[in-house]
Structure formats: C-alpha cells, structure tokens
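If you're matching positions, the sequence shown starts at 11 in this note's numbering and goes up one per residue. No residue lacks a Cβ here, since even glycine has one placed at the ideal position from N, Cα and C. A quick note: this is a predicted structure, and the numbers were derived from the prediction, not measured. Read through the structure below, which is laid out as structure tokens, and then see the notes.
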Amino acid sequence: MKVIVTGASGGAGPGVVESLREKGWEVLPATRREADFRDLTAVERWLATLEGDAEAPFALVHLVGGFAPGSLEKTSPQLWESMLEVNLKTAFVATRALLPHFLQAKKGRIILVAAQSALRPRGGAIAYQTAKAALWSFAQHLAEEVRGKGVTVNVLAPAVIDTPANRQAMEPSPRWIQPRQMAEVIHWLLSPEAAVVHGALIPLEGPKAPKEYPAPALG
Ligand SMILES: NC(=O)c1ccc[n+]([C@@H]2O[C@H](COP(=O)([O-])OP(=O)(O)OC[C@H]3O[C@@H](n4cnc5c(N)ncnc54)[C@H](OP(=O)(O)O)[C@@H]3O)[C@@H](O)[C@H]2O)c1
C-alpha cells in the first residue's frame, strides 16, 4: 500500500524510507522538489499528479520539521514564525491536503512527529518546543474530528535521532534512536494490528534512560 513520507531528504528520512520499502510498503518520498509543505496549493497540485495512479495513498508519515535553539530572549520574530511554519503549519497543510482522500476511502493513517523535548520542557529552544507541543495538540483535535471514520492519527515523540546533523553537533550516544527503529514503529502503526491505535503519543527513547529527563516525582 502507498505511504507518503514527507521530509524524505532529511536526516531520518532516507533510513525510514528504505526500511519501510524493505517491509513491503510502496513509499512515495516527498521532498521540496515535490512541494513546499507550507503551501497547501502546491501540495494539492502535487497530489493531483498522483490521481491517475490505480491506488490512492493509504498513509501520511510527516517527517518534515526543523530545529533551532534559542531562549525567548534569543528568539527573533522571524525564528518564531519559521519554527511554527516548518513544524506546525506543514503538518496542517499535509493533513489538510490528504485527509479528504483518506475520508473518501474510509481508511488512512496519519503519523506526525513531535519531540520529547517539547513534551518534557527543559528550555533552550522555545520556538521549536512550542511548535512541537502545539503539533501534539493539533493531532489530538484532529483525532477527535476523524474518530470512527477509518482514519487514525498518532504522534511519535523521539528523543535524539541518529542523523548526520546530530553526529556533527554531538558525540553519538547509544541512547540515540536509529531511523530504522523509528521505521519499525511506523510499520506497526501502518499495520492492520494497529488499526485501533488512535490519538496516541508514542515516545521513542533510546535504551538507556536519558539523564536530562529525570522521572517526574509521584504524588
Ligand atoms: N533529529 C532529531 O534528533 C529529532 C528529535 C526529535 C524530533 N525530531 C523530528 O523528527 C523529524 C525528522 O527529523 P530529521 O532530523 O530527519 O529532520 P531534518 O533533518 O531537519 O529534516 C527535515 C526535512 O524536512 C524538509 N522540509 C523542511 N521544510 C520543508 C518544507 N517547507 N517543505 C517540504 N519539506 C521541508 C527538509 O527538506 P530540506 O532538506 O529541503 O530543507 C528535510 O528533508 C522532524 O520532524 C524533527 O523535528 C528530530
């Protein structure tokens, strides 16, 4: 079945695409060449080029995102807007363009990608973290809108992913998540077995407990 993977040219994209293909999914990778995912008209135009295909897309895996650090004082209005655009608006545009197709088919899977650091706030990238937190909120509202209509909406919240950019910026750690491990979870969310998983936030963390995320106090 056809799966659209946006952000396919990013750090995690190639590993996710390759791994899903190995598992038998017909992946349609979407990069900026296909469409700017901030632009609904451009995305709809790209989707229209697929309409001759015998089979409509079954799923959206929206990997598009972007990171920039910065406390509030170091965040310009331009940086604020760009983080909201790349992390939140692109998800709105992608789902807005694809949802009518999924609803018409009465089946579809929407998988969005937030971030651990947005959900357990620790500061340092306020625009990015706010945008990813808002993405989770968006997903919960969307999940309610489509409940019972054959479409599921779920969100992955990775800690650090093993990407070339992260390897340049930091010492690699065994806690890092491999794109192929992300693909395993995505593969499961796309499977018939996961048809009942809806409105979930799925944390992806490495095998060791990250020191920077202490367990919350109980009680
Ligand atoms: N890397 C991590 O440690 C980490 C941790 C937590 C969450 N995440 C999230 O996981 C996802 C994948 O991460 P990643 O490291 O692979 O991200 P990435 O390397 O920054 O890649 C992002 C992708 O999005 C594309 N993109 C950005 N703006 C776009 C637009 N307007 N239209 C179309 N495509 C656009 C980029 O294309 P161009 O190359 O053309 O700009 C790139 O392919 C992202 O949502 C990220 O925020 C990542």
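Contact between the region 131-147 and the region 96-113 is present: three or more C-beta pairs spanning the two stretches fall below 8 Å. DSSP, read as helix, strand or coil, puts leucine 113 in helix. Non-local C-beta neighbours of alanine 78 in its own chain, meaning closer than 8 Å and more than five positions away in sequence, comprise Leu89, Ser92, Met93, Ala135, Ala137, Tyr138, ordered along the chain.
Bridge pairing for arginine 119: Ala69, Thr162 [DSSP].
With distances taken between CA atoms, threonine 85 lies nearest to Gly133 out of Gln191, Arg157, Gly133. Here histidine 151 is exposed: its Cβ has fewer than 16 other Cβ atoms, across all protein chains shown, within 10 Å.
Shown here, lysine 33 sits in coil according to DSSP, grouped into three states, outside any helix or strand. Short of 6 Å from the beta carbon of alanine 45, and not among the five residues preceding or following it, lie these beta carbons of its own chain, in chain order: Ala52, Val53, Trp56. Beta-bridge analysis with DSSP links leucine 152 to no other residue. In the same chain as glycine 20, and ignoring 5 residues on each side of it, the C-beta atoms closer than 8 Å to its own belong to Leu73, Val74, Gly75, Thr173, in chain order. With respect to the 8 Å criterion, proline 168 and leucine 214 are classified as neighbours on the basis of their beta carbons.
Our two residues, phenylalanine 102 and glycine 80, have alpha carbons roughly 24 Å apart in a direct line.
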